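Trainee: Chains as they are written, first to last, in this note's numbering: chain A, 1 to 278; chain B, 1 to 234. We treat Cβ as the ideally placed atom computed from N, Cα and C, and that holds for glycine. This structure is a prediction, so every number in the text was calculated from the model and none was measured.
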Amino acid sequence: MGILSNYIVPTLFTVLLHILVVFTVLIGWQLSDTHRFRVDTPRYVKAELVTLEQKQKQPKAEPAAPVPVAQSAPQPDSEPSEEEAAAPPETESSADAAVSASPDPAIERQRQLEREQEQQLQREQELRRQREEEYQRHLKQQRASEKRAQEQARQRQQQQALQRAMQEEETLMQAEQDEVLADSYAALVKRTVESHWSRPPSARKDMQVELAIRLVPTGEVVGVEVTRSSGNTSFDRSAVLAVKKAGRFPELKDMPSSVFEQYFRSFTLVFKPEDLLL
Amino acid sequence: MNENLSVVSLITNAGPLVQGVMLLLFLASVASWWIIARRFLFFRRARHEYADFENEFWSGVDLGQLYKEGNAKLEEGRDIGGAESVFRAGFKEFSRLRQQMGGDSDAVMEGSQRAMRVALSREQDRVDRSLGFLATVGSTSPYIGLFGTVWGIMNAFRGLANVQQATLAVVAPGISEALIATAMGLFAAIPAVIAFNRFSNVSQSLVNRYDTFAEEFSSILHRQAHGRRGERDI
Numbered sequence: 001m002g003i004l005s006n007y008i009v010p011t012l013f014t015v016l017l018h019i020l021v022v023f024t025v026l027i028g029w030q031l032s033d034t035h036r037f038r039v040d041t042p043r044y045v046k047a048e049l050v051t052l053e054q055k056q057k058q059p060k061a062e063p064a065a066p067v068p069v070a071q072s073a074p075q076p077d078s079e080p081s082e083e084e085a086a087a088p089p090e091t092e093s094s095a096d097a098a099v100s101a102s103p104d105p106a107i108e109r110q111r112q113l114e115r116e117q118e119q120q121l122q123r124e125q126e127l128r129r130q131r132e133e134e135y136q137r138h139l140k141q142q143r144a145s146e147k148r149a150q151e152q153a154r155q156r157q158q159q160q161a162l163q164r165a166m167q168e169e170e171t172l173m174q175a176e177q178d179e180v181l182a183d184s185y186a187a188l189v190k191r192t193v194e195s196h197w198s199r200p201p202s203a204r205k206d207m208q209v210e211l212a213i214r215l216v217p218t219g220e221v222v223g224v225e226v227t228r229s230s231g232n233t234s235f236d237r238s239a240v241l242a243v244k245k246a247g248r249f250p251e252l253k254d255m256p257s258s259v260f261e262q263y264f265r266s267f268t269l270v271f272k273p274e275d276l277l278l
Numbered sequence: 001m002n003e004n005l006s007v008v009s010l011i012t013n014a015g016p017l018v019q020g021v022m023l024l025l026f027l028a029s030v031a032s033w034w035i036i037a038r039r040f041l042f043f044r045r046a047r048h049e050y051a052d053f054e055n056e057f058w059s060g061v062d063l064g065q066l067y068k069e070g071n072a073k074l075e076e077g078r079d080i081g082g083a084e085s086v087f088r089a090g091f092k093e094f095s096r097l098r099q100q101m102g103g104d105s106d107a108v109m110e111g112s113q114r115a116m117r118v119a120l121s122r123e124q125d126r127v128d129r130s131l132g133f134l135a136t137v138g139s140t141s142p143y144i145g146l147f148g149t150v151w152g153i154m155n156a157f158r159g160l161a162n163v164q165q166a167t168l169a170v171v172a173p174g175i176s177e178a179l180i181a182t183a184m185g186l187f188a189a190i191p192a193v194i195a196f197n198r199f200s201n202v203s204q205s206l207v208n209r210y211d212t213f214a215e216e217f218s219s220i221l222h223r224q225a226h227g228r229r230g231e232r233d234i
């Protein structure tokens, strides 16, 4: 009895307690879990959708290729003129044949002549047919080559559009990267300046002063101006003094010049005493 | 990837070391709660027994009779602890020495007091038993949990280094799973620390009571040894 109560009761108690705790954690976690992730997932999907839209837009721009179709239309018009130009030589040659046949007097000869003429006519007709066929073939070939050219042009255009899209995307990404880089440098500058900042006792929590800092690529400060005053001159002056004390930001030297020109040539810094209680 | 972020999946997806830490902490928690429950029962019984014994002792019952009752209890298989065992050790030694030495009351007193001291220290040992384990769990399991967390976060950030787009969603599951180790460490540590403080307090007071009882009893024995003989039949 003593041993039983000594060992079994504590064991049962311990096991039950742990099972209870595990179940509580599981249920509580699942409840909070569904709650949190229902909020989170759409945000993630949204971000992906934006990139997808960008990619889709550019392929849409490609169908602007119909221009070559319009170009192809005038070309068939020029072909008939070629046909006209080709026809006259045939009539000339038939006239020559008639001249050579005329000196013979007899009927037989006439008949022969007629026959010859007929034959010649037939020959001519055949020739004509052949030429026409040739011409048709030629035309077909031309059309095929034109078509091929058109397709090539379209492909080229598609490729160009794709390249353009890719370039745009790259520049976009580059811009994004630049922005991130600029942000990190801006945070650095802000930290440096704030470490030199000694706030006047009159500083209050809701005060805010905006400074325009002009920088050169070596990171030196060449000018500070108050663009939006907080209304408290000593507070403004302390901010300006902080920037002047900081003097230069040698880290900016490592920055790519394009980023510098875009973001840091003239740089806006907002001073807010966030850690004050009043 | 985000949907199945339950505790189970977090624990099963954790690294082997973090899992080992979690297992260790879970076992520590089980063991410490087991000891807490056992100690709780033990102290409750010890206090009851002490109160009962004291009542019986001061009720004027014959001490030899009390000793015989204890013998009967032992034969039944019940263990005797606390003040009663101190009493039994002192009484046994006293009567034995009394029979052997006869008149030398100083030697009899000294012997019986020594026997009571021995019984008292044995009781102290019994009362303090396995409190050391609670102290160990209470002080080390937060560190063990922290170790698991640090390790897990380390791995999460190492994974972050291989990813092009570093978003919070990449490291968040790793950190979350790592933090479970700290939570478990705290879960094991807090009850252990509370129980340790409480139990060491209780054990201290119990040992004090035994000590007081031993002094009182030795004063009775002293009276018996040096006083008029035969007033109280020992």
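Can you pull the chain B neighbours of valine 9 of chain A, defined as C-beta to C-beta under 9 Å?
Mentor: Ala37, Arg38 and Leu41
Trainee: Using only alpha-carbon positions, find the residue among B:Tyr143, B:Gly159 and B:Asn162 that is nearest to leucine 179 of chain B.
Mentor: Of the listed residues, the one whose Cα sits closest to leucine 179 of chain B is B:Tyr143.
Trainee: Tell me, to the nearest whole angstrom, how far the beta carbon of valine 270 of chain A is from that of valine 193 of chain A; I am working on the premise that it is less than 8 Å.
Mentor: Actually they do not touch by this definition, with Cβ atoms about 11 Å apart.
Trainee: Look at serine 121 of chain B and glutamate 93 of chain B and say whether their C-beta atoms are less than 8 Å apart.
Mentor: Result no, Cβ atoms of serine 121 of chain B and glutamate 93 of chain B do not sit closer than 8 Å.
Trainee: Determine, for threonine 24 of chain A, whether the minimum Cβ-Cβ distance to residues of chain B falls below 8 Å.
Mentor: no
Trainee: Report the rounded CA-to-CA distance for glutamate 261 of chain A versus lysine 190 of chain A, giving the unit in angstroms.
Mentor: 18 Å
Trainee: When we look at the beta-carbon of arginine 111 of chain A and count the other beta-carbons within 10 Å, is it buried (16 or more) or exposed?
Mentor: exposed
Trainee: Taking just the CA atoms, how far does glutamate 251 of chain A sit from valine 221 of chain A?
Mentor: 13 Å
Trainee: Who are the near neighbours of valine 171 of chain B in its chain, counting only those whose CB is closer than 6 Å to its CB and skipping five residues on each side?
Mentor: Closer than 6 Å at Cβ, skipping near neighbours: Ala156 and Leu160.
Trainee: Would tryptophan 197 of chain A pass as an interface residue toward chain B - the criterion being a Cβ-Cβ separation below 8 Å?
Mentor: no
Trainee: Would you give the residue range spanned by the alpha helix (DSSP H) that alanine 37 of chain B belongs to?
Mentor: 16–57
Trainee: Find the residues of chain B that neighbour phenylalanine 13 of chain A, judging by a C-beta separation of less than 7 Å, and give them in chain order.
Mentor: Chain B residues near phenylalanine 13 of chain A: Ala37.
Trainee: For isoleucine 11 of chain B, which residues in the same chain have their Cβ closer than 8 Å to its Cβ, ignoring the five residues on either side in sequence?
Mentor: Gln19, Met22, Glu177 and Ile180
Trainee: For valine 18 of chain B, go through chain A and note every residue whose CB falls closer than 8 Å to its CB, in chain order.
Mentor: Those within 8 Å of valine 18 of chain B in chain A number zero; the least Cβ separation is about 17 Å.
Trainee: So, helix, strand or coil for serine 266 of chain A, using DSSP?
Mentor: For serine 266 of chain A, the three-state secondary structure derived from DSSP is strand.
Trainee: On the DSSP letters alone, give me the boundaries of the beta strand (DSSP E) that alanine 212 of chain A sits inside.
Mentor: 209–215
Trainee: Determine the DSSP secondary structure at valine 150 of chain B, reduced to helix, strand or coil.
Mentor: helix
Trainee: Exposed or buried, what is phenylalanine 23 of chain A when buried is set at 16 or more other beta-carbons lying within 10 Å of its beta-carbon?
Mentor: exposed
Trainee: Kindly list the residues whose CB is nearer than 8 Å to the CB of phenylalanine 267 of chain A, restricted to its own chain and excluding five residues on each side of it in sequence; keep chain order.
Mentor: Ala186, Val189, Ala212, Ile213, Arg214 and Leu215
Trainee: Anything in chain A within Cβ reach of valine 7 of chain B, meaning under 7 Å, just list it in chain order.
Mentor: Val25, Leu26 and Trp29
Trainee: For the stretch 13–27 of chain A and the stretch 32–46 of chain B, state whether three or more C-beta atom pairs, one from each stretch, are separated by less than 8 Å.
Mentor: yes
Trainee: Which residues in chain B have a C-beta closer than 9 Å to the C-beta of leucine 181 of chain A? List them in chain order.
Mentor: Under the 9 Å cutoff, chain B gives no residues; its nearest Cβ is about 14 Å from leucine 181 of chain A.
Trainee: So arginine 129 of chain B is in the beta strand (DSSP E); what residue range does that whole segment cover?
Mentor: From DSSP, arginine 129 of chain B is part of no beta strand (DSSP E); its letter is neither H nor E.
Trainee: Fully enclosed by the stretch 108–144 of chain A, which alpha helix (DSSP H) runs are 4 residues long or longer?
Mentor: List check, alpha helix (DSSP H) in window: nothing returned.
Trainee: Determine the closest residue to alanine 203 of chain A out of A:Arg128, A:Asn232, A:Arg248 and A:Phe264, with distance taken between C-alpha atoms.
Mentor: Relative to the Cα of alanine 203 of chain A, the nearest Cα in the group A:Arg128, A:Asn232, A:Arg248 and A:Phe264 belongs to A:Asn232.
Trainee: Would you tell me roughly how many angstroms separate the C-alpha atoms of alanine 161 of chain A and glutamate 176 of chain A, rounded to the nearest one?
Mentor: 22 Å
Trainee: Tell me the residue span of the alpha helix (DSSP H) that contains arginine 237 of chain A.
Mentor: 233–246
Trainee: So, helix, strand or coil for phenylalanine 249 of chain A, using DSSP?
Mentor: coil
Trainee: Just grab the DSSP bridge partners of valine 163 of chain B for me.
Mentor: In DSSP, valine 163 of chain B forms no bridge with anything.
Trainee: Going by DSSP, what residue range makes up the beta strand (DSSP E) through glutamine 223 of chain A?
Mentor: Before going on, a small fix: residue 223 of chain A reads as glycine here, not glutamine. 221–228 is the extent of the beta strand (DSSP E) around glycine 223 of chain A.
Trainee: What are the boundary residues of the alpha helix (DSSP H) that alanine 89 of chain B is part of?
Mentor: It spans 83–101 - the alpha helix (DSSP H) in which alanine 89 of chain B sits, taken as one unbroken run.
Trainee: Quick check on this structure: which residue in A:Leu127, A:Leu172, A:Ser198 and A:Glu179 has the alpha carbon closest to the alpha carbon of serine 238 of chain A?
Mentor: A:Ser198
Trainee: Answer with buried or exposed for alanine 165 of chain A, where buried requires no fewer than 16 other C-beta atoms within 10 angstroms of its C-beta.
Mentor: Per the 10 Å Cβ criterion, buried.
Trainee: Please look up how many angstroms separate the CB atoms of valine 209 of chain A and valine 226 of chain A, rounded, as I've assumed it's under 8 Å.
Mentor: Rounded, the Cβ-Cβ distance is 6 Å, consistent with contact.
Trainee: Would tryptophan 151 of chain B pass as an interface residue toward chain A - the criterion being a Cβ-Cβ separation below 8 Å?
Mentor: no
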